[in-house]
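**Student:** The sequence shown lines up with residues 62 to 197 when you count with the numbering used here.
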Amino acid sequence: MWGWFTRITKVADQRRTLGARGERAAVRHLRRNGYQILARNLRTKLGEIDVIARDRRDRCVVIVEVKTGRGDDPPPEAHVNHHKQRKITMLAKQLIKQHRLENQRVRFDVIAVVWREGDRQPRDLRHHEHAFEAVG
């Protein structure tokens, strides 16, 4: 009778696990490339910011949205649509106000991670710097 619920729960757990693996891979990538990780999975009433980092080269705070998928059809970064960009922008504005970062330059990046079933490492990781401008 409850088989459908078990299947839905299992799929949700697999997505969360895949997303967490993708975020860990993204953080490793950022650190290897000289970024300082300021926060991960920062939750607010409006939602969650995956990664907040400081780009020492560009001297700015970077809001990073990580999207992980099993393949490239569609590519994971395609899920950062206009609606998602608006939500991330609202979260960033709240963060800036709350932590008094008005004098800091802020950049929005997207990291796409492709992770195939059974792979120990991501098949592909694409870092899109300046992926979008603040929306809304």
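For every residue, glycine included, the Cβ atom is placed at its ideal position computed from N, Cα and C.
I'd like to confirm something about residue 142: is its beta-carbon nearer than 7 Å to some heavy atom of the ligand HEM, or not?
**Tutor:** The ligand HEM is not part of this structure, which contains no ligands at all.
**Student:** In this structure, what does DSSP give as the bridge partners for residue 97?
**Tutor:** As a working note, residue 97 is residue 36 in the sequence shown. Residue 97 is bridged to 115.
**Student:** Need the endpoints of the alpha helix (DSSP H) that residue 150 sits in, please.
**Tutor:** Along the sequence shown, read from residue 1 onward, the residue named residue 150 stands at position 89. Looking at the DSSP string, the run of the alpha helix (DSSP H) that includes residue 150 is 143-159.
**Student:** Please name the residue in 114, 108 and 105 whose C-alpha comes closest to that of residue 90.
**Tutor:** For the purposes of this step, residue 90 is identified with residue 29 of the sequence shown, where counting begins at 1. Among 114, 108 and 105, the Cα nearest to that of residue 90 belongs to 114.
**Student:** Using the C-alpha atoms, what's the distance from residue 184 back to residue 136?
**Tutor:** Position 75 of the sequence shown, counting from 1, holds the residue named residue 136. Position 123 of the sequence shown, counting from 1, holds the residue named residue 184. Computed Cα separation, rounded: 13 Å.
**Student:** Alpha carbon to alpha carbon, how far is residue 165 from residue 123? Give it in angstroms, no decimals.
**Tutor:** What you label residue 123 is simply residue 62 of the sequence shown in a count that begins at 1. What you label residue 165 is simply residue 104 of the sequence shown in a count that begins at 1. Distance between the alpha carbons of residue 123 and residue 165: 10 Å.
**Student:** At which residues does the beta strand (DSSP E) containing residue 105 begin and terminate?
**Tutor:** Your numbering for residue 105 matches position 44 in the sequence shown. Segment: none, residue 105 is in no beta strand (DSSP E) and carries neither H nor E.
**Student:** In whole angstroms, what separates the C-alpha of residue 181 from that of residue 99?
**Tutor:** Your numbering for residue 181 matches position 120 in the sequence shown. Your numbering for residue 99 matches position 38 in the sequence shown. Cα to Cα, the separation comes out at about 26 Å.
**Student:** As a quick exercise: from 190, 153, 159 and 82, pick the residue whose alpha carbon is nearest that of residue 108.
**Tutor:** For the purposes of this step, residue 108 is identified with residue 47 of the sequence shown, where counting begins at 1. Closest by alpha carbon: 153.
**Student:** Under 8 Å Cβ to Cβ from residue 145, same chain only, skipping five residues before and after it: list those, please.
**Tutor:** Sequence index remark: in the sequence shown, residue 145 carries index 84 (1-based). Once the five neighbours on either side are set aside, the close Cβ partners of residue 145 are 126.
**Student:** Taking buried to mean at least 16 other C-beta atoms within 10 Å of its own C-beta, is residue 134 buried or exposed?
**Tutor:** The residue labelled residue 134 in the question sits at position 73 within the sequence shown. So residue 134 ends up on the exposed side.
**Student:** Do you know whose CA, among 132, 170 and 105, lies nearest residue 189's CA?
**Tutor:** Taking the sequence shown and counting its residues from 1, the one referred to as residue 189 is at position 128. Comparing Cα-Cα distances from residue 189 to each of 132, 170 and 105, the minimum goes to 170.
**Student:** What do you get for residue 163, buried or exposed, if any count of 16 or more other CB atoms within 10 angstroms of its CB means buried?
**Tutor:** In the sequence shown, counting from the first residue as 1, residue 163 sits at position 102. Burial call: exposed.
**Student:** For my contact list, residue 86 and residue 174 are in at a C-beta cut-off of 8 Å; report their separation, rounded to the angstrom.
**Tutor:** Here residue 86 is taken as the residue at index 25 of the sequence shown, counted from 1. Here residue 174 is taken as the residue at index 113 of the sequence shown, counted from 1. Residue 86 to residue 174, Cβ: 5 Å. Contact.
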